[in-house]
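In my numbering, the protein residues as written are 32 to 354.
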Amino acid sequence: MSRKVLVVGEVRDGSLRNVSYETIAAGKTVAEGGEVVGVLIGDAVKDLGKDMIQYGADRVAVVEDEKLKSYSSDGFSQALLAVIESEKPDGILIGHTALGKDLAPKVAAKLDAGLISDATAVESAGEHVVFTRPIYSGKAFEKKIITDGIIFATIRPNNISPLEKDESRTGDIETVDAGIKDLRAIIKEVVRKVSEGVDLSEAKVIVSGGRGVKSADGFKPLKELADVLGGAVGASRGACDAGYCDYSLQIGQTGKVVTPDLYIACGISGAIQHLAGMSNSKVIVAINKDPEANIFNVADYGIVGDLFEVVPLLTEEIKKLKV
Ligand code: FAD
């Protein structure tokens with residue numbers, strides 16, 4: 032059963048975020064041979080349409096307006112609803128990011144549509160599309176279908192592989208006039224916290240520190256290991272609460288949910304609230320000096336030892352492999 036599916040691209044610092052390409056791949060499954068239409072919303076974002084097409088979109092609908100320079104649920108929902116009105120899609124997919132988590136429910140409510148959030152896998156089964164999503168803080172998975180109306184879902188980053196980029200692909204990139212009305216709240220300025228290196232939510236490798244790291248300086252060996260692996264540094268809430276690092280690094284129930292290929296937990300006990308944010312990582316390595324630490328129950332590889340000895344050793348060995 033072929034379908035027309037809208038995939039909303041997410042732009043950050045003038046580029047599409049990886050999750051947009053992953054969501055296009057999910058869109059292909061939902062479309063079942065039908066059309067995948069990329070949607071770009073923002074100010075001066077049209078050029079990125081080519082990227083969406085090279086990663087699998089058939090064509091792209093663009094809503095550009097100065098009022099859409101920064102994300103606002105008011106502005107972006109007006110824009111997306113205008114595209115939905117003109118395209119009349121059978122499905123809509125958005126990345127399960129801060130933007131997607133805000134935009135999708137608002138638009139779904141306006142459409143009176145069902146919404147499946149935080150999907151980690153998509154498959155077609157007969158007349159339905161089946162989405163898999165974690166429940167109970169990642170302790171179990173449920174499979175869900177939408178039985179009536181638009182198939183609307185958000186896709187968790189780092190779970191669905193994007194398609195190979197094909198530079199020979201072409202398609203129409205058309206502007207939709209959404210007639211964006213004045214926004215009720217206007218963002219005057221965005222002041223960013225300085226963060227270096229790889230974006231935590233999209234990192235393929237995360238080296239995370241807990242209270243066992245003992246100080247802000249204690250994070251240095253973790254950063255060195257993350258650097259040689261091309262990864263990012265994360266943290267438990269224990270480490271954030273202790274003032275060793277910024278809360279923007281916090282992983283867990285009340286922090287970021289991550290699913291990297293490799294998660295190295297250093298000096299983290301493995302509280303349920305931390306596991307909620309990382310237990311679906313593909314490979315988990317735990318370094319802890321307490322052999323009874325709960326983190327070892329979810330780890331694929333466990334190293335019982337002092338992180339200040341183990342982490343620099345790992346860094347040295349990985350450097351040797353790279354020479
Ligand atoms: P600890 O539990 O103190 O563990 C430190 C570990 O380091 C120990 O296992 C110890 O053996 C080990 N260690 C010490 N020294 C060394 C060394 N030299 N080498 C190796 N190992 C060493 N937590 C989160 O992480 N994320 C969340 O989003 C989150 N949300 C929460 C929400 C709520 C509502 C509540 C109530 C709690 C939440 N928490 C969250 C807190 C959570 O319950 C734990 O308190 C927290 O995860 C503990 O952090 P930790 O593992 O770093 O510290």
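Note that beta-carbon positions come from the ideal geometry of N, C-alpha and C, so glycine has one too.
Worksheet item: Can we count L231 as close to the ligand SAH, meaning its CB is less than 7 Å from some heavy atom?
Response: No copy of the ligand SAH occurs in the structure displayed; its ligands are the ligand FAD alone.
Practice prompt. Taking T185 and S148 to be in contact with their CB atoms under 8 Å, please state how far apart those CB atoms are, rounded to whole angstroms.
Written response: Start at 1 with the first residue of the sequence shown, and residue 185 comes out as number 154. Start at 1 with the first residue of the sequence shown, and residue 148 comes out as number 117. The Cβ separation is near 5 Å, so the contact holds.
Worksheet item: If you scan the region 98–143 from start to end, which runs of the alpha helix (DSSP H) of 4 or more residues do you find wholly inside it?
Response: 104–118 and 129–142, all fully within the region 98–143.
Worksheet item: Is it buried or exposed for M32, if we count other Cβ within 10 angstroms and need 16 for buried?
Response: Your numbering for residue 32 matches position 1 in the sequence shown. Counting the other CB atoms within 10 Å of its CB gives M32 a total below 16, which places it among the exposed residues.
Worksheet item: Is the beta carbon of F327 within less than 7 Å of some heavy atom of the ligand FAD?
Response: As a working note, residue 327 is residue 296 in the sequence shown. At a threshold of 7 Å, F327 does not count as near the ligand FAD, since its beta carbon sits no closer than that to any of the ligand's heavy atoms.
Item to complete: Would you kindly report the start and end of the unbroken beta strand (DSSP E) that includes L71?
Response: Here residue 71 is taken as the residue at index 40 of the sequence shown, counted from 1. Element bounds for L71: E66 to G73.
Item to complete: Confirm, please, whether the CB-CB distance from V335 to M309 is below 8 Å.
Response: Your numbering for residue 309 matches position 278 in the sequence shown. Your numbering for residue 335 matches position 304 in the sequence shown. V335 is positioned such that its CB atom lies no closer than 8 Å to that of M309.
Discussion item. Do K350 and V229 have their beta-carbon atoms positioned less than 8 Å apart in this structure?
Written reply: Mapped onto the sequence shown, residue 229 falls at position 198. Mapped onto the sequence shown, residue 350 falls at position 319. Against a cut-off of 8 Å, the Cβ pair of K350 and V229 comes out as no contact.
Worksheet item: Does the region 252–269 come close enough to the region 151–168 to have 3 or more Cβ pairs within less than 8 Å?
Response: Counting Cβ pairs under 8 Å, fewer than three are found: no touch.
Item to complete: Buried or exposed for V341, please, with buried defined as at least 16 other CB atoms from any protein chain shown within 10 angstroms of its CB.
Response: By one-based count along the sequence shown, residue 341 stands at place 310. With a threshold of 16 other beta carbon atoms within 10 Å, V341 meets it and is buried.
Fill in: Closer than 7 Å: N311 CB and nearest the ligand FAD heavy atom
Locating residue 311 in the sequence shown gives position 280, counting from the first residue. Because no heavy atom of the ligand FAD lies under 7 Å away, the Cβ of N311 does not count as near it: no.
Item to complete: Locate the alpha helix (DSSP H) running through Y252, then write down its first and last residues.
Response: Within the sequence shown, numbered from 1, the residue matching residue 252 stands at position 221. Contrary to the premise, residue 252 reads as Pro rather than Tyr in this sequence. Residues K251 to V259.
Worksheet item: Skipping 5 residues on each side, what residues in its chain have a beta carbon closer than 7 Å to that of P136?
Response: Translated into the one-based positions of the sequence shown, residue 136 becomes position 105. Only L146 meet the Cβ criterion.
Worksheet entry | Inter-residue spacing [alpha-carbon to alpha-carbon] between G45 and V94 | Translated into positions along the sequence shown, residue 45 becomes position 14. Translated into positions along the sequence shown, residue 94 becomes position 63. So the alpha carbons of these two residues sit roughly 15 Å apart.
Worksheet item: If you check the beta carbons only, do V36 and D121 fall under 8 Å apart?
Response: Stepping through the sequence shown from its first residue, residue 36 is reached at position 5. Stepping through the sequence shown from its first residue, residue 121 is reached at position 90. Cβ distance < 8 Å, so V36 and D121 count as in contact.
Worksheet item: With C-beta atoms as the reference, is G126 less than 8 Å away from P193?
Response: As a position in the sequence shown, residue 126 is number 95, starting the count at 1. As a position in the sequence shown, residue 193 is number 162, starting the count at 1. No.
Worksheet item: In chain order, what are the residues with a CB under 5 Å from some non-hydrogen atom of the ligand FAD?
Response: Residues with a Cβ closer than 5 Å to any heavy atom of the ligand FAD, in chain order: G241, R242, G243, S267, R268, G269, G283, Q284, T285, G286, G298, I299, S300, A302, Q304, H305, N319, K320, D321, A324, D337 and L338.
Discussion item. Restricting to Cα atoms, I'd like to know which of L130, M83 and K77 is closest to Y102.
Written reply: Residue numbering aside, residue 102 sits at position 71 when the sequence shown is read from its first letter. Looking at the Cα atoms, L130 is the closest of the given residues.
Practice prompt. Mind checking which residues open and close the alpha helix (DSSP H) that includes L345?
Written response: Stepping through the sequence shown from its first residue, residue 345 is reached at position 314. If you look at L345, you'll find it in the alpha helix (DSSP H) that goes L338 to K353.
Fill in: Under the three-state DSSP convention, the category C297 falls into
Counting from 1 along the sequence shown, the entry for residue 297 is found at position 266. Here C297 sits in strand by DSSP.
Item to complete: On a CA-only basis, which of G240, D96 and C297 is nearest A278? Give me that one, please.
Response: Mapped onto the sequence shown, residue 278 falls at position 247. The sequence given here places Tyr at residue 278; Ala does not occur at that position. The residue with the shortest Cα to Cα distance from Y278 is G240.
Worksheet item: Given that a residue counts as buried once 16 or more other Cβ atoms are within 10 Å of its Cβ, and exposed if not, what is N328?
Response: Within the sequence shown, the letter at position 297 stands for residue 328. With fewer than 16 Cβ atoms within 10 Å of its Cβ, N328 is classed as exposed.
Worksheet item: For A247, does the three-state DSSP call read helix, strand or coil?
Response: The residue you call residue 247 lines up with position 216 of the sequence shown. Secondary structure at A247: coil, using DSSP grouped into helix, strand and coil.
Discussion item. Suppose the cutoff is 7 Å on Cβ atoms and the five residues either side in sequence are ignored; what does the same chain contact list for A88 look like?
Written reply: The sequence position of residue 88 within the sequence shown is 57, counting from 1. Cβ neighbours of A88 within its own chain (closer than 7 Å, five residues either side excluded): V38, I55, V67, V68, G69 and G202.
Fill in: C-alpha gap between A317 and L253, whole angstroms
By 1-based counting over the sequence shown, the position of residue 317 is 286. By 1-based counting over the sequence shown, the position of residue 253 is 222. The straight-line gap separating the alpha-carbon atoms of A317 and L253 is approximately 13 Å.
Fill in: Inter-residue spacing [alpha-carbon to alpha-carbon] between V91 and V238
The sequence position of residue 91 within the sequence shown is 60, counting from 1. The sequence position of residue 238 within the sequence shown is 207, counting from 1. Between the C-alpha atoms of V91 and V238 there is a straight-line separation of about 37 Å.
Discussion item. Using a Cβ-Cβ cutoff of less than 6 Å, which residues in the same chain neighbour F183 once the five nearest sequence positions on both sides are dropped?
Written reply: Position 152 of the sequence shown, counting from 1, holds the residue named residue 183. If we look at F183 and ignore the five residues flanking it on each side, its Cβ neighbours are I123, A139, A144 and L146.
Practice prompt. Could you tell me which of L280, L306 and K174 sits nearest to K224, measuring between CA atoms?
Written response: Looking up residue 224 in the sequence shown gives position 193. Taking only the C-alpha atoms, the option nearest K224 is L280.
Worksheet item: Should K59 go down as buried or exposed, given a rule of 16 or more other Cβ atoms within 10 Å for buried?
Response: Locating residue 59 in the sequence shown gives position 28, where the first residue counts as 1. Buried: at least 16 other Cβ atoms inside 10 Å.
Fill in: Rounded Cβ spacing between A263 and A234 (contact assumed at less than 8 Å)
If you number the sequence shown from 1, residue 263 lands on position 232. If you number the sequence shown from 1, residue 234 lands on position 203. Indeed, because the Cβ distance is near 4 Å, the residues count as touching under 8 Å.
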